[in-house]
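From first to last, the protein sequence lines are chains A and B. Under the numbering used here, read the first sequence as residues 361 to 739, first letter to last. Under the numbering used here, read the second sequence as residues 58 to 688, first letter to last.
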Amino acid sequence: MAIDFQRTAPTHGARVGRKRSLWLRLHLDPWLLSILLLLIAFGLVVLYSASGMSAQTTLAQAIRMGIALVGAVVIAQFSPATLYRWTPLAYGGGLLMLIAVEIMGDIGMGAQRWLEIGPLRFQPSELMKIAMPMMLAAYLHRRPLPPSWRDLLVCGVIIAVPVLLIARQPDLGTSMLVTAAAVFVILLAGLSWRFILSLAVMAGAAMPLLWLNMHNYQRQRVLTFLNPESDPLGAGWNIIQSKTAIGSGGLEGKGWGLGTQSQLEFLPERHTDFIVAVLGEEFGLIGMATILVLYLLLVSRGLVMANQAQDTYGRLLAGSIVLTFFIYVFVNIGMVSGILPVVGVPLPLVSYGGTSSVTLMAGFGILMSIHTHRRLLKH
Amino acid sequence: MRKRRERVKDHEQEVRVFRNRSLVAAALIVLMAGALVSRLFYLQVVEHDVFITRSDNNRMRVEPLPPRRGLIYDRNGQLLAENRPTYNLTIVRERVDDLDATLERLVQILGLPEDEVETFRERSLQRQRPYQPALLMSDLTEDQIARLAVNRYLLSGVEVEAQLMRYYPDPIVMSHVLGYVGRINAEELADLDPGNYAGTHFIGKTGVEYTYEDQLHGKAGLRKVETNARGRVLRELDREPPVPGKDLTLTIDSRLQHLAYDLLGGRRGAIVAIQPKTGDILAMVSAPGFDINKFVTGISYADYRALQDDIDLPLYNRAARGQYPPGSTVKPFEALAALQNRVVDANDIVYDPGYFQLPNDTRRYHNWLRWGHGRVDLRRAIEVSNNTYFYTMAYRLGIDRLSSFMHEFGFGEVNSLDVQGALPGLMPSREWKREKYNQPWFPGETLSAGIGQGYFMATPLQLAAATATLANHGHWVRPHLAERIGDQPVKPPFPDTKPDVQVDKTQWWNDVYEGMEEVMSGREGTARKAGAGLEYTMAGKTGTAQVFSLGQNQKYNASELAERLRDHALFIGFAPVEDPQIAVAVIVENAGGGVSGLGRELTDAWLLPQSELHDQPGATVPEEVESLDGD
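And the structure:
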C-alpha cells in the first residue's frame with residue numbers, strides 16, 4: 361500500500377515550470393474569482409433591498425463574505441497534497457462533532473444542529489459538506505477505477521454514518537446536500553450506468569420508507585408542496601407568497617427596493633432562504649436570468665478546472681464541489697418558485713448567513729488550490 | 058494465491074471517464090437550468106397578470122372613511138344634535154412588550170377598581186386579526202386622557218382613539234322631535250348600502266334622525282392603504298374624502314319647545330304649535346321625555362326596562378302617535394261643515410233643553426250643562442261648547458258628510474310631512490265601520506262623532522294642523538319639522554299638499570272665528586279665565602275627552618286608578634285671528650280640564666314682543682357691572 365501510495369500520491373506543487381503567472385503564484389483563478397465577486401456584489405444589492413434597506417445587515421453580510429473570501433484565498437494556498445493528508449482528520453473530526461451534537465447539541469430551531477464551543481456556534485454538518493467529498497475522493501483516489509463492489513460498500517459506509525447523524529438532527533436539507541456531494545464523487549469516479557439506474561430504482565422503492573421515517577413537519581412540507589393552497593395561512597403561505605412575488609415581478613421587475621411582496625413583509629425569510637423571490641420580484645425575469653447565467657458561468661469554469669486537475673483526488677473533489685454548488689442553486693430556486701418542496705437550502709453567495717457562505721467559499725478555495733498547484737509541464 | 062488479478066489504476070482511462078461524466082453532468086445542469094428558466098418564464102410572463110393581481114390584493118386594503126353626521130339646529134340656530142369626539146382606549150397586543158405589566162399600569166393610571174382587571178384582560182384578547190386594536194374602554198374622561206398622555210412613554214401599544222359620537226345637548230325636551238341614533242342592527246344592515254355605511258356605526262332610529270337619515274348621514278369616503286402581511290397600515294395610497302352629512306335646521310323654536318315642556322309641568326301630555334302660514338312646527342312636545350343620549354351610548358337593559366315599564370310611558374310620542382278622542386275641540390270644524398252643507402245658518406237658533414233626542418228614540422243625549430243653554434246660535438254654541446247644538450248639526454249632516462268634511466281638515470289621516478311615526482287617528486265612517494265590525498252605522502254614533510267622542514280619535518299633531526288650516530281660511534299647509542336641509546329651504550307647497558278646504562262664503566270662516574274668540578273672551582266663554590287680559594285677538598276651543606285606550610293594558614294600582622280615570626283635557630287655538638301666527642293644540646291626560654291657560658301662555662310667548670322668546674338668539678342678559686364696582 362505504501363508503495364502504491366507513493367506512486368499515486370498527488371505531487372502538485374512541484375516546481376517544474378519557470379514561467380508562472382502572478383495568478384498562479386497567488387494560487388488564485390481570475391475567472392472564478394471574477395464571477396464570484398460579481399455574484400457576491402449582485403447578492404449584496406439584492407440583500408440590501410431584502411433586508412428592508414438595512415445598511416447594517418448588508419454591511420455585516422459584506423464583511424462575512426469578505427472573511428469567507430479571505431478564507432478561500434488562504435485555503436487555496438494549501439496544496440492538494442496537504443488537503444489530502446488532512447482529509448481523514450477532517451472527516452473523523454466532523455463525525456465526532458456530529459456525535460457530540462447528538463449527545464449534547466443545543467436545541468435550536470426545534471432541531472439539534474449547533475455545537476457551542478465557548479463563544480463559537482458551530483454547525484458540524486457544514487464541515488461535513490466539504491469533508492465528505494474529500495474523504496470519498498481520497499478513498500477512491502487510492503482505488504483503481506471504476507470502483508469495485510467492495511469499494512462501493514466502503515463508500516456506502518463512509519456516506520451513511522454522517523448522513524444518518526445529520527438526518528437525525530433533523531436537517532433534511534443538509535443531509536441531502538451532503539449525500540449529493542458524496543454521490544457526485546462516486547458518479548464522477550465512473551460508477552457504471554447500470555448501477556446508477558438500479559440505484560435510482562431502489563431510491564424510488566425506498567420512498568415510502570423515507571416517508572415513514574420523516575418528521576411530521578417534513579411530511580407537512582411535502583404535502584404542502586404538492587398542494588400549497590391546502591394550507592394558505594400555514595405552511596403553504598411561504599410558497600404562495602414567494603410565487604406571487606416572483607410572478608408579479610414580470611419580465612423587468614418592479615424595481616430595486618420596490619417589491620411590494622418583499623418590502624411589506626409578505627415574504628417569509630425574505631433575506632435568507634427566500635431571497636431569490638425578492639430578486640424575482642424586483643428584477644424580474646431579466647434579473648433571474650442574469651443570476652442564473654452567473655451561476656452557470658461559475659459552474660462551467662469549475663467544471664473546466666476540475667477537468668484540468670491532474671489526479672483523481674483533485675478531479676473528484678473539484679467536480680463534486682462544483683456539482684454540489686449547482687444543486688444548491690437548483691434546489692433553492694426550485695423550491696422558491698414552487699417546483700420543489702421547501703427544504704432549508706440557501707441561495708449560494710446571496711442568502712444572508714455565515715455558515716453556508718464559509719463552507720461554499722472553502723470549496724472554491726479548494727477548487728483554486730487544485731487548479732493552481734497542478735504541474736505546469738504538459739504531458 | 059491470487060484468485061483475482063489486482064487491478065491497477067489506469068490514469069488515461071480515469072481522465073476519459075471523468076471528462077465523459079462531467080459532460081453528462083454539464084448537460085444535466087443545462088437541462089435543470091432550463092427547467093428553472095421555463096418555470097420562471099411561466100410565473101413571470103405567462104401567469105404574470107394573475108400574480109400581479111394577487112400581489113396588489115395582498116398589499117392594498119380599502120378602508121372606509123365614515124362621513125360626519127349632519128348637525129341639527131333649531132330655527133334660531135341653536136344646536137340640537139352635535140357630534141362629540143369621544144375617546145376610546147385601545148390596545149394592540151403586537152406592540153406591547155409586557156401585556157400583564159401594561160394592563161396593571163393602566164388600571165393604576167385610570168384608577169380602576171381591582172375587579173376590572175379581569176374584564177380588561179379579557180377585552181385585550183378580543184380581536185380578530187394581528188395588529189387589530191382591541192377596545193379596552195370607551196368614553197374616557199378628560200382626566201383619564203390626560204393621565205394616559207402623561208404616561209404615554211410607559212404604554213407602548215396603548216392608544217387613545219377619537220370617535221365622533223352623537224350628542225344631544227337638550228336630550229329630554231327634544232327627545233321625541235329629534236329621536237335618536239343608535240347602533241346599526243342586523244335588520245337595518247340588510248337594507249343599507251354596505252359601501253356607504255361601511256365604517257358607520259350609528260343610524261337614525263326615530264324622530265328626524267330617522268326621517269332625514271339619508272341627508273344627515275352623508276357619503277362615505279375611502280382610503281386605499283398599503284399594509285404589510287400583518288395588516289398593519291404602512292402608507293396611504295389614495296384617499297377619497299367623505300362627504301359630510303347635510304346639516305338640518307328644524308322649524309322648532311327650542312325656547313318655545315322648552316316653554317311648552319315646562320307648561321306641562323311633569324304631567325303626561327302633548328303640545329304642538331304650528332305656524333299656520335308655513336306649516337312650520339314651532340314646538341312639538343310629548344311629556345314626559347327621556348334621555349336620548351342614553352340610547353346613543355347604548356342603553357343598559359335595566360335602564361331600558363325602567364323606561365318601558367314606566368307607567369307614564371316616556372318612550373311614547375304622544376304628540377304624533379297619541380290618539381285621543383278630540384272631544385269638543387272638533388266643534389268649530391263641525392260648525393263649518395254644517396254651514397258649508399247648508400244644514401244651518403250662522404244665525405239660526407237651536408233650542409237646548411239640556412239634551413238632544415233622535416226622532417223616534419227615547420234616549421236623551423245630554424248637554425254637559427244639565428239644564429241646557431236655552432237658545433243658542435252658532436257663535437254661542439262654540440262659545441259655551443253646547444252639545445245639543447252640535448248633536449243637532451251632526452244629526453242634520455249625517456255621518457257621511459261629517460266624515461268627509463272632517464277628512465278635508467286632515468282628521469283620520471297622516472297629515473304631516475316629516476314627523477316620524479305619526480299615526481292617522483280615526484275619523485269614523487259608514488264604510489269604516491262595515492269593514493271593521495261588519496255592522497251598520499247607527500244614528501247615535503253620528504251624535505258621538507259630532508262631539509268628538511265615540512270612535513273619533515285624533516292626535517295632537519292632527520288637531521294642531523287642523524287648527525292651522527282653520528286659521529288659514531282653509532289653506533292647507535303640511536306640518537313639517539325641517540326648515541332647511543343643508544342650504545336648501547324646505548318650503549310649501551309640498552308636492553303632496555292637500556287641497557284647501559273650500560267653503561262657499563268667506564263669512565262662514567269669520568262666523569266660526571267669532572265663536573272661538575268668544576271662547577277666550579266671551580262672558581260665557583269656556584276659556585274666559587285663560588283669555589283674560591289678552592293683548593291680541595285669539596280664537597280657542599276647549600275640550601274634554603273621556604279616558605280611552607292609552608295605557609289600557611297597563612296595570613294600575615288603586616291610587617293611580619282614580620287619577621287615570623279622569624278626563625283628558627284639550628285645547629286648540631290660534632292667534633292673532635286677523636293674521637294668525639301660531640296655532641296650538643294641547644292635551645293633558647287625566648287633567649280633568651283647565652288646560653287652555655297653556656295655550657294662552659304659548660301664544661303670549663310667541664306673539665308678545667316683551668317675551669323672552671324674542672331676545673336675539675344667543676344673546677345674554679348684560680351683567681350688572683356697576684354692582685361689581687361696589688356702587
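For each residue, glycine too, the CB sits at the ideal point set by N, CA and C. A quick note: this is a predicted structure, and the numbers were derived from the prediction, not measured.
Straight-line measurement puts the Cα of B:R378 at about 11 angstroms from the Cα of B:L372. If one requires a minimum length of 3 residues, the beta strand (DSSP E) runs lying completely within the stretch 318-398 of chain B are 326-332 and 337-344, in chain order. The continuous beta strand (DSSP E) containing B:Q220 extends over residues V215 to Y224. Just measuring C-alpha positions, the residue of B:I644, B:Q638, B:D636 and B:L622 sitting nearest B:I629 is B:I644. B:I148 is bridged by DSSP to B:A191 and B:V215. B:A632: member of the beta strand (DSSP E) spanning H625 to A632, first to last residue.
When DSSP reads this structure, B:R118 sits in a beta bridge with B:V282. At a cut-off of 7 angstroms between beta carbons, B:V74 contacts chain A. Here the alpha carbons of A:P522 and A:A491 stand approximately 10 angstroms from one another.
When rounded, the separation of the alpha-carbon atoms in A:W597 and B:Q101 is 19 angstroms. Using a Cβ distance threshold of 7 angstroms, A:L496 and A:A441 do not count as a contacting pair.
Beta-bridge analysis with DSSP links B:N140 to B:R223.
In this structure, DSSP gives B:G656 a helical state, which the three-state scheme calls helix.
Across the set B:K548, B:G482 and B:L435, the C-alpha of B:G482 shows the shortest separation from the C-alpha of B:P517. Its chain contains A626 as the residues whose beta carbon lies nearer than 6 angstroms to that of B:A648, once the 5 sequence neighbours on both sides are disregarded; these appear in chain order. Not one beta carbon of chain A lies nearer than 7 angstroms to the beta carbon of B:H315.
Residue range A596 to A602 is occupied by the beta strand (DSSP E) that includes B:K598.
Pairing B:G168 with B:I368, the inter-Cα distance amounts to about 39 angstroms.
Under the three-state reduction of DSSP, B:G411 is assigned to coil, being neither helix nor strand. With contacts defined as CB atoms closer than 7 angstroms, B:A640 and B:F631 qualify as a contacting pair. A buried status is given to B:S460, since no fewer than 16 other beta-carbon atoms sit within 10 Å of its beta-carbon. DSSP places A:L384 inside the alpha helix (DSSP H), whose first and last residues are L382 to R385.
At a cut-off of 7 angstroms, the C-beta of A:F402 has no neighbouring C-beta in chain B.
By the Cβ rule, the stretch 550-567 of chain B does not count as touching the stretch 580-588 of chain B, because fewer than three pairs are nearer than 8 angstroms. The beta carbons of B:G134 and B:G302 sit no closer together than 7 angstroms.
Taking C-alpha positions only, B:I356 is separated from B:Y237 by approximately 12 angstroms.
If you draw a straight line from the Cα of B:Y267 to the Cα of B:T198, it is about 29 angstroms long. Secondary structure at B:V641: strand, using DSSP grouped into helix, strand and coil. Of all C-beta pairs linking the stretch 487-502 of chain B to the stretch 429-439 of chain B, fewer than three are shorter than 8 angstroms, placing the two stretches out of contact. Of all alpha-carbon atoms in A:H733, A:Y655, A:S485 and A:F555, the one lying nearest the alpha-carbon of B:G91 is that of A:Y655. For the stretch 90-106 of chain B, the beta-carbon criterion of a distance under 8 angstroms to any beta-carbon of chain A is satisfied by A90, A92, L93, V94, R96, L97, F98, L100, Q101, V102, E104 and H105. Rounded to the nearest angstrom, the gap between the Cα atoms of A:S411 and B:V103 is 29 angstroms. DSSP places B:E592 outside any alpha helix (DSSP H), giving it a letter other than H or E. Between the beta-carbon of A:S535 and that of A:I526 there is about 4 angstroms, and that keeps the pair under the 8 angstroms contact cut.
At a cut-off of 7 angstroms between beta carbons, A:L382 makes no contact with chain B. Of all alpha-carbon atoms in A:V659, A:L707, A:S717 and A:G454, the one lying nearest the alpha-carbon of A:W391 is that of A:V659.
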